[in-house]
Amino acid sequence: MAISGQFSAKNYTTVNFNEESTDWQNNVFSLIHLNNTGANTNPGSIKLYLEGLQHNFSVIGVSEKRLDSLELEVKGQRYRSEHLRCDHREGGGLSLYVKAGLKYRRLNRLDEAKDDLECMFIEIYRSNFTSNCSVVLGIIHRPPKGSKDIFMEFYTRLSRKLDALQRTRLKRCIYLMGDFNSKANAEVFFVLENQHQLIRLVKCETKKKSKANMVFDAIFCSEQRNRMGTLDCQTWQLSDHCPVFAIDSNILNPVDETKR
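In this note's numbering, each residue carries its 1-based index in the sequence shown increased by 372.
Structure, rendered in structure tokens:
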């Protein structure tokens, strides 16, 4: 079902997604964010769910990552991983799984692991891509009822980091994904969209029975992308959130690293 408006985001069933993904090149850059709240009673749920999709994502982000498993392999595709632990809060933690063969670095200076906010960033080097740009990718989780003041303090710091990243002559594509738990008219979105020119790619509703005008799961990007949306996952009991994803056919990895 297409969503009205200027964005071409869709709500995909797994069947729809698999049918459409057969037309995508194996080496497109792609990312998906999954909220992990329901998978704790079935630790294999995320792996099984991803293996049911006919596309191996370049980067997989997982928030509320309470599981102990740190490695991931999907249909023979190996992933390297980065993790942010939040031991002082139940249900905390973030993980990023990056396709083996994609060279990257962790941007540790941007890490936050607090009761009211968690975030982690990586930069995937431009040498991986034909477009001569690097990809800076962040995953963010703000718990429900998190402090608004702490959230804005973080975004003040993040804004300065984004300023530095965007001032450089080197071309960077910036992605932010995660569970924001904020009102749609929150100041943080105004800052991201207007001051830093980041586009909220997915404007579909991502959580059932959610309050009006709330933004839960979202992906922001410094450039418009042509394929993005939400996926169903109810039968896998991953979460009461829908996964959100984006496919970036403008950034290609010249070597298909499928099984490395």
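Note that CB positions come from ideal geometry on N, CA and C, so glycine has one too.
Please identify the residue among F401, W396, L474, V507 whose C-alpha is closest to the C-alpha of Q538.
V507
Member of H455, V431, R457, A536 whose CA lies at the smallest distance from the CA of Q449:
Ranking H455, V431, R457, A536 by Cα distance to Q449 puts V431 first.
In the DSSP assignment, the beta strand (DSSP E) including T394 goes from what residue to what residue?
Unbroken run through T394: none, as it is neither H nor E.
Over the uninterrupted alpha helix (DSSP H) stretch that includes E525, give me the two end residues.
It spans 520-539 - the alpha helix (DSSP H) in which E525 sits, taken as one unbroken run.
Straight-line gap, Y395 to P515 (C-alpha atoms, nearest Å)
One point to set straight first is that residue 395 is Asp, not Tyr, in the sequence displayed. When only Cα atoms are considered, D395 and P515 end up about 37 Å apart.
Contacting residues, own chain, Cβ-Cβ under 6 Å from S503 (five flanking each side not counted)
I623
Given this structure, state the Cα-to-Cα distance separating N428 from L466, to the nearest angstrom.
20 Å
Given this structure, state the Cα-to-Cα distance separating W608 from Y384, to the nearest angstrom.
Because the pLDDT of W608 is 49, which lies under 50, any placement of that residue in the model is unreliable, and the number read from its coordinates should be weighed accordingly. Distance between the alpha carbons of W608 and Y384: 15 Å.
In chain order, what residues of the same chain have a beta carbon less than 7 Å from the beta carbon of R478, not counting five sequence neighbours either side?
E454, I494
Count the other CB atoms within 10 Å of the CB of F552; is the residue buried (16 or more) or exposed (fewer)?
Burial state of F552 is buried, judged by a 10 Å Cβ sphere holding 16 or more other Cβ atoms.
Identify, in the order they occur along the chain, each residue of the same chain with its Cβ nearer than 7 Å to the Cβ of S594, setting aside the five sequence neighbours on each side.
C545, I546, Q569, L570
State the start and end residues of the unbroken alpha helix (DSSP H) segment that holds K419.
417-423
Taking Cβ to Cβ, would you say D488 is nearer than 7 Å to I522?
yes
Considering only DSSP beta bridges, list what I623 is partnered with.
Bridge partners of I623: none, in fact.
Excluding the 5 residues preceding and the 5 following K543 in the sequence, name in chain order all residues of the same chain whose CB lies nearer than 7 Å to its CB.
N504, C505
Leaving out the 5 sequence neighbours to the left and right, which residues in its chain are closer than 6 Å to C458 when beta-carbon positions are compared?
When the five nearest sequence neighbours on each side are left out, the beta carbons in the same chain lying within less than 6 Å of the beta carbon of C458 are those of G464, G465, A485, E490, in order along the chain.
Starting from V431, follow the beta strand (DSSP E) in both directions and report where the run begins and ends.
431-435
May I ask you to report which of helix, strand or coil DSSP gives T674?
One cannot answer for residue 674 here, as it falls past the ends of the chain, which runs 373 to 632.
Which of the three DSSP states is assigned to V400 in this structure?
strand
Buried or exposed for K447, please, with buried defined as at least 16 other CB atoms from any protein chain shown within 10 angstroms of its CB.
Counting every other CB atom within 10 Å of its CB across the protein chains shown gives K447 a total below 16, marking it as exposed.
Whole angstroms are fine: how far does the CA of D589 sit from the CA of R345?
The structure shown does not extend to residue 345, since the chain spans only 373 to 632, so no value can be given for it.
Would you mind stating whether K475 and Y497 have Cβ atoms separated by less than 7 Å?
yes
By the three-class DSSP mapping on this structure, what secondary structure does Q449 have?
strand
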